[in-house]
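Protein chains: 2
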Amino acid sequence: MRERHTEMTGHHTLRSTEEAVGDRLGGLNLDFEAMWAVSNIYRASTAIRNHLEQTVLRDTGLTWTGFVVMWVVWIWEESETRHVAEEAGIAKGTLTGVLKTLESYRYVQRMPHPTDRRRVMVTLTPSGERLMRTLFPQFNQEEAFVVRELDSERRRTLAASLRLVVQHLESAGRP
Amino acid sequence: MRERHTEMTGHHTLRSTEEAVGDRLGGLNLDFEAMWAVSNIYRASTAIRNHLEQTVLRDTGLTWTGFVVMWVVWIWEESETRHVAEEAGIAKGTLTGVLKTLESYRYVQRMPHPTDRRRVMVTLTPSGERLMRTLFPQFNQEEAFVVRELDSERRRTLAASLRLVVQHLESAGRP
DNA sequence: GAAATATTGTTCGGGACCAAACACTTGTTG
DNA sequence: CAACAAGTGTTTGGTCCCGAACAATATTTC
């Protein structure tokens, strides 16, 4: 992953990309405001994920998804796997594989549901919990670094706008 | 991918996740504003990608990354692969595989660089170009749908804030 | 209560994705 | 110009990721 960054030559900056788009699509009837909003969400998300993978996750052996899954299990204390998949934003089939990986590291543990034998529960092992306790503050510190250029109001506005987008898509998901 | 959505039971909404986090982490010294800003960027990005995959990309046989790569090649008219990888936000090794897939669909074409025999150039085939011309307006229409709940000023503010984040991370990338 | 339906996690096939190792080409330096 | 260094795309090994098919279990329906 670092490779992508070491190769950045600066040929195409954010600004010049937007210029190229303007050149190429200037004639068409497009919603450019929507386009920039959406494409910058995606671009920021990629940049943030890369940054956090390089800093906090670098030496832990955890992937981004592995961390997110553990985070969800940690926050919700318990967890039925279908909720974990939903919260982590991955398909249930994917979760099966991720849990297999995390189990091999002894960070999580699968257990049968007490009454429903279809279901599977996941918990953090002591070592998994220890990891989250040390990792999460570091993670949050880097999150603060990520938004360092935004003042408090802008951070809140940003979060609020994105919440609107997510809620709009969730409500429209299954009409 | 649709599967994730059909299974949404609403147990854990965006709001209740934030509550659970508050319960679990209320005692610690964390930057919650940064946390919500960052986590909502990621959440929105996932939701948007899912939405666009389900609507515009659904019947094209294109993956998200395949589309992004074609988009980059289209906007920049032609391209040296290392620039494409950089702009698309993927590693060069990944691009090799993606191009192989796109080439098998006859949407793109690889050609040797005229003077530098290390490099490889990529162009859209006529059929690839035709696809982008019809696909992109649809794509933009869905982008507009995504941000429908935001007024014009909020869209611009959102894009501007995210641009700051990206630029901050890019400039800090290789100190 | 047996049959039909729904829910749940796993498996499978194929593509995406990364870092690292690689082979090849170009550029630099002595 | 010859050794060395740097740039470029590909290959490799392992994980992620999805949708679809599946097996097992639970619930509903009649």
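Residue numbers (the working numbering), protein chains in the order written: chain A, 1 to 175; chain B, 1001 to 1175.
The C-beta atom is built at its ideal place from N, Cα and C for all residues, glycine as well.
Query: A159(A) beta carbon less than 8 Å from that of N1040(B); Result: yes
Query: Cβ pair F1139(B), V1073(B) closer than 8 Å; Result: no
Query: Every unbroken alpha helix (DSSP H) within the segment 112 to 168 of chain A, with a cutoff of 4 residues, ordered by chain; Result: 126 to 146
Query: Chain A contact residues for M1035(B), given Cβ-Cβ distances below 8 Å; Result: N140 and E143
Query: Range of the contiguous alpha helix (DSSP H) that encloses S1045(B); Result: F1032 to T1055
Query: Cβ pair L162(A), A1044(B) closer than 8 Å; Result: yes
Query: Beta-carbon separation (whole angstroms), T1094(B) vs V1122(B), contact threshold 8 Å; Result: With a Cβ gap of about 14 Å, T1094(B) and V1122(B) do not count as contacting.
Query: Rounded separation between K92(A) and L1135(B) - CA only; Result: 30 Å
Query: Reference E1033(B); option with closest CA among E170(A), V166(A) and R148(A); Result: R148(A)
Query: Which listed residue (M35(A), R154(A) and W76(A)) has its alpha carbon closest to that of Q1141(B); Result: M35(A)
Query: Buried versus exposed call for H176(A) [16 or more other C-beta atoms within 10 Å across all chains shown]; Result: Because chain A is modelled from 1 through 175, residue 176(A) falls outside the range shown and cannot be assessed.
Query: Same chain, Cβ closer than 6 Å to Q109(A), neighbours up to 5 away in sequence not counted; Result: T123 and T125
Query: Rounded distance between the beta-carbons of T1046(B) and G89(A), thought under 8 Å; Result: 4 Å
Query: Spatial neighbours of G1066(B) in its chain, beta-carbon cut-off 7 Å, leaving aside the 5 residues before and after; Result: V1098, T1101 and L1102
Query: Limits of the alpha helix (DSSP H) - the one that W1064(B) falls within; Result: W1064 to I1075
Query: 8 Å Cβ cutoff, E170(A) in contact with chain B; Result: yes
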